[in-house]
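S.K.: Residues 79 to 378 (the numbering used here) make up the sequence shown, in order.
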Amino acid sequence: MAFRSHPSHLPLEADSSSRFLPSIVALMVALLTFSMVGLAALHDSVGQWSSQIEGSLSIQVPPTELANRSPEEREQALQKTVDTIIDELASQPGIARIEELSPETMAALLEPWLGPDEVVSELPIPRIIEITPETGFNFDALEARLGQIAPEAVLDDHRIWIERIADVAFSVELALTLLIVVLFGATMLSIIFATKSGFSIHHRIIELLHLIGAQDDYIARQFGRHSRRLAFFGALIGLLIALPISALIAWLGLRAGWPIPSLVFSPLFIGLVVAIPFIVALVAYLTATRTVLRVLRQML
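1) If you drop the 5 nearest sequence neighbours on each side, which residues of the same chain put their C-beta closer than 7 Å to that of Leu105?
2) Classify Gly213: buried if its beta carbon has 16 or more other beta carbons within 10 angstroms, exposed otherwise.
3) Select from Arg375, Val351 and Leu360 the residue whose C-alpha is nearest the C-alpha of Leu117.
4) So is Gly312 buried or exposed if we call it buried at 16+ other beta carbons inside 10 Å?
5) Are the beta-carbon atoms belonging to Ala362 and Ile269 less than 8 Å from one another?
6) Is it right to say Gly276 is buried, meaning 16 or more other beta carbons lie within 10 angstroms of its own, or is it exposed?
7) Tell me, please, which residues DSSP counts as bridged to Ser384.
8) Label Leu308 either buried or exposed according to how many other C-beta atoms from any shown protein chain fall within 10 Å of its C-beta, with 16 as the threshold for buried.
9) Just the Cα atoms here: how many angstroms apart are Gln300 and Leu109?
10) Three or more C-beta pairs under 8 Å: does that hold for the segment 222-229 against the segment 156-163?
11) Let me know the secondary structure DSSP gives Phe81 once reduced to three states.
12) Does the distance from the C-beta atom of Arg152 to that of Glu178 stay below 8 Å?
13) Given a cut-off of 8 Å, decide if Thr265 and Val358 are closer than it, judged by their beta-carbon atoms.
14) In whole angstroms, what is the alpha-carbon distance linking Phe343 and Val115?
15) Is it the case that the Cβ atoms of Ile354 and Val107 are separated by a distance below 8 Å?
16) Can you give me the start and stop residues for the beta strand (DSSP E) that Gln138 sits inside?
17) Since Ile173 contacts Phe215 with CB under 8 Å, what's their CB separation in whole angstroms?
18) Mapping the DSSP letters down to three states, classify Glu285 as helix, strand or coil.
19) Alpha helix (DSSP H) containing Ala219: first to last residue?
20) If we count the other Cβ atoms within 10 Å of its Cβ and call it buried at 16 or more, is Ala183 buried or exposed?
21) Which two residues bound the contiguous alpha helix (DSSP H) that contains Phe173?
22) On the CB-based measure, 16 or more other CB atoms within 10 Å of its CB, does Gly302 come out buried or exposed?
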């Protein structure tokens, strides 16, 4: 077990590392957990945004050269153009659904900015056609066909936004991944420093153990077990600090209307979070053991 005490001929429990190493590991693990949760939330959210954007396209039919007509004539001309677009594009491959956004829906969307329906009806508002693509959809072919039917119509290209979101998300995910690597590296450096400090403190005792026949592996394992125990409890404390804070942030996000990423509840992610103290303890044991063996080879 990572927290089980073994008999030792070295008084390592009295070292200063027994006081500061768990605190440093706890801080590193808390930051590591926050980074992992943030990485999972970002990855899941970007996937949802991309799927929502990719799952819908829209065509805007502006009232070009119709602003000077009466509202009735303008609406008739717009409706004729919309009906033509829908009839022509409905048979295009890769289109699962195509329909016009109703004037009532448009008025409800614009009312908070433009006022009641009576005001909206007097304005030259463009018509919106919604398209749901499916497998085999060809954006360029649809855009070319739309240009032939209604040159004034505009097909919204969400691919630019998808690419921008993907670029930003990739940069942030890369930064979080590098942060996780840096935190692991900082933890290893702290363990190396604590191990070398304990080695210097007990230098005379180590020489005496060598004189009576103690092997390098035996001495290194004592340092390794000591560091493993300290790192395990420090990581456990850091995890117990990070998880309630993450849960509080998630609760506040729910109150603000932000959904909790589904990836956070996946068995793989939960297992990885639970395994953090054991992973850190194993890394601490290997790091301390190799450090002591390297120092002993240089000294003797």
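For each residue, glycine too, the CB sits at the ideal point set by N, CA and C.
M.R.: So, from the data block:
1) Hits under 7 Å: Gly316.
2) Residue 213 is actually Thr in this sequence, not Gly. It is exposed - the Cβ of Thr213 has fewer than 16 other Cβ atoms within 10 Å.
3) Distance from the Cα of Leu117 is smallest, within the candidate group Arg375, Val351 and Leu360, for Val351.
4) Gly312 counts as buried, since at least 16 other C-beta atoms from the protein chains shown sit within 10 angstroms of its C-beta.
5) Closer than 8 Å, so yes.
6) Classification for Gly276: buried.
7) Limits of the chain in this structure are 79 at one end and 378 at the other, which puts residue 384 out of reach.
8) Buried, because 16 or more other Cβ atoms sit within 10 Å of the Cβ of Leu308.
9) It is roughly 29 Å from the alpha-carbon of Gln300 to the alpha-carbon of Leu109.
10) The segment 222-229, when compared against the segment 156-163, does touch it at the 8 Å Cβ threshold.
11) Low per-residue confidence applies at Phe81: pLDDT is 49, beneath 50, and the placement is therefore not dependable, though the value from the model is reported in the following sentence. Of the three classes helix, strand and coil, the one that applies to Phe81 here is coil, per DSSP.
12) No, these two residues do not count as a Cβ contact at 8 Å.
13) Cβ distance < 8 Å, so Val358 and Thr265 count as in contact.
14) Approximately 11 Å between the Cα atoms of the pair.
15) Cβ atoms of Ile354 and Val107: closer than 8 Å.
16) Gln138 -> beta strand (DSSP E) spans Leu135 to Val139.
17) Contact flag correct, Cβ pair sits at about 7 Å.
18) Glu285 falls in the helix class under three-state DSSP.
19) Taken as a continuous stretch (DSSP letters only), the alpha helix (DSSP H) holding Ala219 covers Phe217 to Ile227.
20) Reading the sequence as shown, one finds Thr at residue 183 and not Ala. Thr183 comes out exposed.
21) Note that residue 173 corresponds to Ile in the displayed sequence, not to Phe. For Ile173, there is no enclosing alpha helix (DSSP H); the enclosing beta strand (DSSP E) has its first and last residue at Ile173 to Glu178.
22) Classification of Gly302: buried, given that the 10 Å Cβ count is 16 or more.
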